[in-house]
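Student:
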Amino acid sequence: MPVSAANSQVVFDALKANGVRLMSALPETWLVHLIRLADDDPDVTLVRLAKEEEGVGISMGAHLAGVKSAMLMQNHGFLASINGIVSGAQLYRMPLLMLISDRGGFGERDPWQTEGGAVTESVLSALRIPTRRLDDPAKVTEQIRQAQTLAYSSNRPVALLLTRDLMWEES
Amino acid sequence: MTRLEALRAVYDRLAGCAVVTIMGAVAAELQSIGHRPNFFYLQHAMGLASSVGLGIALSKPSLPVVVFDGDGSVLMNLGGLSTLARYRPSNLLHVVFDNESLLSVGGFPTATGTCTRLAEVAAAAGVPRTACATTLDEFVTEFAAAQDARELTTLVAKVDAIGPAAFVTDLGLLENRFQFQRYLQTR
Numbered sequence: 040m041p042v043s044a045a046n047s048q049v050v051f052d053a054l055k056a057n058g059v060r061l062m063s064a065l066p067e068t069w070l071v072h073l074i075r076l077a078d079d080d081p082d083v084t085l086v087r088l089a090k091e092e093e094g095v096g097i098s099m100g101a102h103l104a105g106v107k108s109a110m111l112m113q114n115h116g117f118l119a120s121i122n123g124i125v126s127g128a129q130l131y132r133m134p135l136l137m138l139i140s141d142r143g144g145f146g147e148r149d150p151w152q153t154e155g156g157a158v159t160e161s162v163l164s165a166l167r168i169p170t171r172r173l174d175d176p177a178k179v180t181e182q183i184r185q186a187q188t189l190a191y192s193s194n195r196p197v198a199l200l201l202t203r204d205l206m207w208e209e210s
Numbered sequence: 003m004t005r006l007e008a009l010r011a012v013y014d015r016l017a018g019c020a021v022v023t024i025m026g027a028v029a030a031e032l033q034s035i036g037h038r039p040n041f042f043y044l045q046h047a048m049g050l051a052s053s054v055g056l057g058i059a060l061s062k063p064s065l066p067v068v069v070f071d072g073d074g075s076v077l078m079n080l081g082g083l084s085t086l087a088r089y090r091p092s093n094l095l096h097v098v099f100d101n102e103s104l105l106s107v108g109g110f111p112t113a114t115g116t117c118t119r120l121a122e123v124a125a126a127a128g129v130p131r132t133a134c135a136t137t138l139d140e141f142v143t144e145f146a147a148a149q150d151a152r153e154l155t156t157l158v159a160k161v162d163a164i165g166p167a168a169f170v171t172d173l174g175l176l177e178n179r180f181q182f183q184r185y186l187q188t189r
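Line by line, the protein sequences are chains A and B.
First residue of the first sequence? That's 40 in the working numbering, and the numbers climb one at a time after it.
First residue of the second sequence? That's 3 in the working numbering, and the numbers climb one at a time after it.
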């Protein structure tokens with residue numbers, strides 16, 4: 040599979056190193072290794088969702104209960120979660136660490152991904168969600184740490200976009 | 003039965019539990035009986051109260067969690083029932099006040115008034131214990147039984163479609179949120 044197992048491991052290790060103990064996820068191609076790593080790790084509770092918006096509520100509950108969490112989703116899952124983000128996490132000042140696979144950009148072969156790819160960053164910006172693109176595995180560990188730090192100091196959602204350069208080995 | 007009667011009848015049983023409610027009438031009525039630091043009112047994000055409850059229940063497995071949900075909210079997140087069932091935290095009691103309407107936003111009827119039976123939906127989703135109470139006595143009995151059972155339960159309570167005159171209270175949303183978080187830090 041051309042999804043990068045090595046870079047998925049880098050992302051997963053950074054999440055664990057930053058104390059993430061609960062991950063919610065809905066499968067998508069670029070996330071398969073990450074989800075498997077979470078599933079196989081006895082220190083991590085993986086919550087497989089029916090729809091990504093549930094993950095907002097689960098992360099809110101986990102935060103209130105003192106557990107650090109992360110959300111693994113595709114950008115279309117982020118788009119499907121917006122009311123929960125706005126009227127849950129933002130209204131109640133909850134940190135969310137959202138790792139969003141950024142499908143539908145340059146190099147995308149699946150026609151159905153392309154509309155979402157065109158609007159993801161604009162929507163994140165409209166929601167005032169601090170966002171960074173992860174494309175260099177050498178920087179990922181530090182970038183995840185910084186994102187989580189801001190999420191908790193600001194009590195707000197932050198987004199890290201998992202890019203094709205990071206997640207896909209054939210391009 | 004009214005929702006207020008039902009809440010009053012189990013109010014004392016909420017001590018020591020993390021309680022999460024949905025917006026509107028449920029939140030206002032529980033506050034009218036008496037706010038406590040262990041109550042969190044999710045005043046928007048319809049559908050996610052059960053997800054917040056799941057997040058708490060998974061994070062603190064020894065803490066009893068009670069979610070007061072509603073038919074309109076559950077219908078917005080039916081998939082969430084399958085997620086609850088999948089992880090079936092034994093410390094979560096999921097109460098659904100089913101008044102067959104979207105009372106807090108104008109009273110329009112929901113599908114539970116004509117065809118959808120939420121306790122059966124929950125059971126079919128895989129929730130291990132489900133019940134539907136139509137009288138106050140039944141509700142109190144089922145609520146106590148669910149707390150004693152220590153197994154994920156969805157308890158649907160058929161209640162009248164009446165609520166308080168106003169939904170905004172003097173408890174700030176963030177005041178409630180941080181107070182609740184501090185309460186959970188002690189548990």
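Positions of the beta carbon are idealized from the N, C-alpha and C atoms, including for glycine.
Tell me, please, whether the CB atom of Tyr131/A is closer than 8 Å to any CB atom in chain B?
Tutor: Yes, contact with chain B.
Student: Got a sec: is the Cβ-Cβ distance from Glu79/B to anything in chain A below 8 Å?
Tutor: One point to set straight first is that residue 79/B is Asn, not Glu, in the sequence displayed. Judged by the 8 Å Cβ criterion, Asn79/B is in contact with chain A.
Student: Using CA coordinates, which residue listed in Gly127/A, His102/A and Gly94/A is at the minimum distance from Met112/A?
Tutor: Answer by Cα proximity: Gly94/A.
Student: Where Val27/B and Phe99/B are concerned, what is the direct C-alpha to C-alpha distance, given to the nearest angstrom?
Tutor: Correcting the residue identity first, residue 27/B is Ala in this sequence and not Val. Taking the straight line joining both Cα atoms gives about 10 Å.
Student: If you measure beta-carbon to beta-carbon, which residues of the region 153 to 181 of chain B are closer than 9 Å to chain A?
Tutor: If the cut-off is 9 Å between Cβ atoms, the region 153 to 181 of chain B has Leu175, Leu176, Asn178, Arg179 and Phe180 near chain A.
Student: What is the residue span of the beta strand (DSSP E) that Pro196/A lies within?
Tutor: Pro196 to Leu201 is the span of the beta strand (DSSP E), which, as asked, contains Pro196/A.
Student: Which same chain residues, not among the five before or five after Asp174/A, have their C-beta less than 6 Å away from its C-beta?
Tutor: Within the same chain, Asp174/A has close Cβ partners Thr202, Asp204 and Leu205.
Student: Measure from the C-beta of Arg88/B to each C-beta in chain A and report whether the shortest distance is under 8 Å.
Tutor: It does: the Cβ of Arg88/B has a partner Cβ on chain A nearer than 8 Å.
Student: When Cβ atoms are compared, which residues of the region 87 to 121 of chain B fall closer than 8 Å to chain A?
Tutor: Cβ contacts with chain A: Arg88 and Tyr89.
Student: Using 10 angstroms around the beta-carbon of Leu176/B, count the other beta-carbons present and answer buried if the total reaches 16, otherwise exposed.
Tutor: By the neighbour-count rule (16 or more Cβ atoms within 10 Å), Leu176/B is not buried but exposed.
Student: Given 8 Å as the limit, is there contact between the region 59 to 67 of chain B and the region 114 to 134 of chain A, that is, 3 or more CB pairs closer than that?
Tutor: No, the region 59 to 67 of chain B is not in contact with the region 114 to 134 of chain A.
Student: Between the region 79 to 96 of chain A and chain B, which residues of the former have CB atoms less than 8 Å from a CB of the latter, in chain order?
Tutor: Going along the region 79 to 96 of chain A in chain order, one finds Thr84, Val86, Arg87, Leu88, Ala89, Lys90, Glu92, Glu93, Gly94, Val95 and Gly96 with a Cβ nearer than 8 Å to chain B.
Student: Between the alpha carbons of Gly127/A and Glu147/A, how many angstroms are there, rounded?
Tutor: Computed Cα separation, rounded: 32 Å.
Student: Find the nearest neighbour of Arg184/B within the set Asn40/B, Ala17/B, Ala11/B and Gly36/B, judged by alpha-carbon distance.
Tutor: Ranking the options by Cα distance to Arg184/B, first place goes to Asn40/B.
Student: At a CB-CB cut-off below 8 Å, which residues of chain A make contact with Gly72/B?
Tutor: The contacting residues do not exist; Gly72/B stays about 15 Å from chain A at best.
Student: Between the Cα of Ile121/A and the Cα atoms of Ser193/A, Thr159/A and Ala109/A, which residue gives the shortest distance?
Tutor: Here the closest residue by C-alpha is Thr159/A.
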